[in-house]
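Sequential numbering of the sequence shown, starting at 4, is according to this note's numbering.
Here a beta-carbon is modelled for each residue, glycine too, at the ideal position from N, C-alpha and C.
Notes for the one structure printed next.
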Amino acid sequence: MTAPLLPLVAHVIHRLDVGGLENGLVNIINHMPEGRYRHAIICMTDYNSGFRARIKQNNVECYALHKREGKDPGIYFRLWRLFKHLRPIIVHTRNLSALEAQLPAALAGVHCRVQGEHGRDVHDIDGRNRKYNLLRRVFRPLVDRYIPLSRDLEQWLRNQVGVADNKIVTICNGVDSELFHPALAGREALPVEGFVGADSIVIGTVGRMQTVKDQLTLVRAFVLLLERLPELRRRLRLVLIGDGPLRAQAQMLLQQANALELCWLPGSRDDTPNLLRGMDIFVLPSLAEGISNTILEAMASGLPVVATHVGGNPELIVEGQTGTLVPPANPAAMADALQRYVEDAALRREHGAQGRQRIEQEFNLDAMVQRYLSVYDDVIKEKY
């Protein structure tokens with residue numbers, strides 16, 4: 004006798020590729036207990052086959068709808084037809100770029116609809132764009148639950164979008180603390196020959212090299228640090244993991260400062276846990292953030308974190324205990340924070356250890372998954 008199919012959750016995102024939102028989605032699916040839900044991923048545009056391979060659960064289908072740039076009215080029909088075919092019990096959209104899928108889901112008879120808010124649009128980092136917020140208010144009656152990833156996003160949903168309290172469930176990201184762990188004996192070797200010596204101090208970051216991530220501020224802070232501490236030129240190293248339009252600009256700035264040979268820019272990589280264990284200090288220079296997976300991963304790896312005071316970053320970093328917060332787009336302030344860590348190895352170890360402890364106590368991956376399960380279960384109970 005064939006076992007009945009488990010209820011299906013259809014996750015709708017802009018594109019499945021390297022990124023924090025996408026990494027969080029993969030973590031949720033991979034750590035969901037068997038026997039509860041099936042999953043499908045619907046990409047408004049397309050997906051990266053290599054990143055898709057990170058999904059470990061069997062029978063998770065990915066669908067690419069190839070939405071055109073700008074207006075594409077046909078996307079509503081393609082979504083409606085796919086929802087009618089898949090018959091999910093829940094549609095879970097994420098961020099503004101997928102919010103419009105709520106309408107065809109409702110028209111296709113999907114009774115349970117969830118919207119995740121992982122961070123605001125790159126063109127509206129403060130979340131005050133009138134057109135965007137009007138769109139969010141128009142779709143608001145269709146959404147049964149909103150899941151913001153930070154208290155900052157929770158307050159914004161309440162105050163700017165007008166979402167009722169009983170529709171909001173805040174769930175912070177969790178991190179796999181077994182995969183991301185401190186180096187067992189000192190710093191691990193980076194996979195680039197001759198770049199790092201035994202007494203080197205490696206400053207690093209991981210992320211898409213796009214304007215909102217603002218790696219150029221980190222590059223400028225690194226150059227300032229070299230100017231302040233020329234005697235450390237032999238030891239200081241900068242690692243920028245990720246690809247995007249800022250990569251070439253970062254290389255140009257480093258070349259102009261005669262510091263290109265002190266930096267490793269390998270592009271996008273899939274060995275982030277090992278690379279973090281090859282760093283001494285982690286930096287997140289973003290102009291805006293929801294809840295940063297890379298901050299959590301760096302803390303789990305036992306690294307002190309220098310990050311900008313934006314979005315959910317202050318909710319992750321305990322100032323003066325696990326890291327340091329600095330104003331965005333301020334290379335001098337970032338250089339000040341980096342200098343304190345560069346000059347004090349004991350401080351690096353202390354803040355790194357406290358960050359790891361905070362991960363183990365407050366950002367457990369299994370607890371995060373259970374909270375998502377509770378949201379799904381509660382919405383279904385309300386509708387059936």
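Could you round the C-beta distance between residue i and residue j to whole angstroms and report it? I think they count as a contact, below 8 Å.
{"i": "Gly130", "j": "Ile150", "result": "Going by Cβ atoms, the distance from Gly130 to Ile150 rounds to 16 Å, so no, they are not a contact pair."}
{"i": "Arg194", "j": "Ser304", "result": "One point to set straight first is that residue 194 is Pro, not Arg, in the sequence displayed. The pair is not a contact, with the Cβ atoms about 16 Å apart (cut-off 8 Å)."}
{"i": "Leu243", "j": "Thr208", "result": "6 Å"}
{"i": "Val113", "j": "Pro91", "result": "6 Å"}
{"i": "Gly281", "j": "Gly314", "result": "That pair is no contact at about 27 Å."}
{"i": "Leu106", "j": "Tyr135", "result": "Contact flag wrong, Cβ pair sits at about 16 Å."}
{"i": "Ile93", "j": "Tyr66", "result": "In fact, because the Cβ distance is near 16 Å, the residues do not count as touching under 8 Å."}
{"i": "Pro269", "j": "Gln213", "result": "Wrong, their Cβ atoms sit about 17 Å apart, outside the cutoff."}
{"i": "Arg240", "j": "Leu265", "result": "6 Å"}
{"i": "Met302", "j": "Arg359", "result": "6 Å"}
{"i": "Trp83", "j": "Ala43", "result": "Trp83 to Ala43, Cβ: 15 Å. No contact."}
{"i": "His2", "j": "Val12", "result": "Nothing in the structure corresponds to residue 2, since the chain is present only between 4 and 387."}
{"i": "Tyr50", "j": "Asp20", "result": "7 Å"}
{"i": "Pro334", "j": "Arg190", "result": "Rounded, the Cβ-Cβ distance is 25 Å, inconsistent with contact."}
{"i": "Gly77", "j": "Asn176", "result": "Incorrect: roughly 34 Å between the Cβ atoms, too far for contact."}
Can you tell me the Cα-Cα spacing of residue i and residue j, whole angstroms?
{"i": "Val329", "j": "Leu8", "result": "50 Å"}
{"i": "Val29", "j": "Arg238", "result": "37 Å"}
{"i": "Tyr379", "j": "Met35", "result": "12 Å"}
{"i": "Lys170", "j": "Asp147", "result": "6 Å"}
{"i": "Val345", "j": "Pro10", "result": "52 Å"}
{"i": "Ser100", "j": "Asn33", "result": "24 Å"}
{"i": "Tyr387", "j": "Ser377", "result": "15 Å"}
{"i": "Met260", "j": "Ile31", "result": "At residue 260 the sequence reads Ala, which differs from the Met that was named. Cα to Cα, Ala260 sits roughly 43 Å from Ile31."}
{"i": "Leu257", "j": "Ile206", "result": "14 Å"}
{"i": "Arg81", "j": "Gln357", "result": "49 Å"}
{"i": "Gly23", "j": "Thr297", "result": "7 Å"}
{"i": "Lys384", "j": "Glu363", "result": "32 Å"}
{"i": "Arg18", "j": "Asn367", "result": "26 Å"}
{"i": "Asp381", "j": "Pro317", "result": "30 Å"}
{"i": "Arg211", "j": "Ile16", "result": "17 Å"}
{"i": "Glu353", "j": "Leu137", "result": "46 Å"}
{"i": "Leu235", "j": "Val226", "result": "12 Å"}
{"i": "Leu145", "j": "Arg231", "result": "55 Å"}
{"i": "Glu365", "j": "Ile174", "result": "12 Å"}
{"i": "Gly73", "j": "Gly355", "result": "44 Å"}
{"i": "Arg71", "j": "Val117", "result": "24 Å"}
{"i": "Ala340", "j": "Ser295", "result": "19 Å"}
{"i": "Phe198", "j": "Phe142", "result": "51 Å"}
{"i": "Leu85", "j": "Asn61", "result": "20 Å"}
{"i": "Arg139", "j": "Asn162", "result": "13 Å"}
{"i": "Leu320", "j": "Leu299", "result": "The residue you asked about is not Leu; residue 320 is Ile in the sequence shown. Taking the straight line from one Cα to the other gives about 9 Å."}
{"i": "Arg133", "j": "Arg123", "result": "13 Å"}
{"i": "Ala201", "j": "Ala348", "result": "14 Å"}
{"i": "Arg39", "j": "Cys115", "result": "16 Å"}
{"i": "Ala291", "j": "His312", "result": "9 Å"}
{"i": "Val63", "j": "His14", "result": "11 Å"}
{"i": "Arg361", "j": "Glu181", "result": "14 Å"}
{"i": "Gln158", "j": "Glu322", "result": "22 Å"}
{"i": "His69", "j": "Ala108", "result": "18 Å"}
{"i": "Ala338", "j": "Ile128", "result": "24 Å"}
{"i": "Asp246", "j": "Val166", "result": "36 Å"}
{"i": "Asp179", "j": "Glu25", "result": "15 Å"}
Quickly, what does DSSP pair residue i with across the bridge? List them, please.
{"i": "Ala67", "result": "Cys46"}
{"i": "Val178", "result": "Asn367"}
{"i": "Arg97", "result": "Gly119"}
{"i": "His14", "result": "Ile44, His95"}
{"i": "Leu89", "result": "Partner(s): none; Leu89 has no beta bridge."}
{"i": "Val205", "result": "Arg240"}
{"i": "Leu19", "result": "Tyr50"}
Touch test, the region 53-64 against the region 318-332, Cβ-Cβ under 8 Å, three pairs minimum: no
Three or more C-beta pairs closer than 8 Å, one from the region 270-283 and one from the region 151-169: is that the case here? no
Measuring CB atoms only, is the region 251-261 touching the region 217-226, in the sense that at least three cross pairs come out at less than 8 Å? yes
Does the region 365-373 come close enough to the region 95-113 to have 3 or more Cβ pairs within less than 8 Å? no
Give, in chain order, every unbroken run of the beta strand (DSSP E) that is at least 3 residues long and sits entirely within the region 208-282. 239-244, 266-270
Which whole runs of the beta strand (DSSP E) in the region 136-191 are 3 residues long or more, in chain order? 148-151
For the pair the region 299-314 and the region 274-291, tell me if three or more CB-CB distances fall below 8 Å. yes
Uninterrupted alpha helix (DSSP H) stretches inside the region 284-338 (no shorter than 4 residues): 296-303, 316-319
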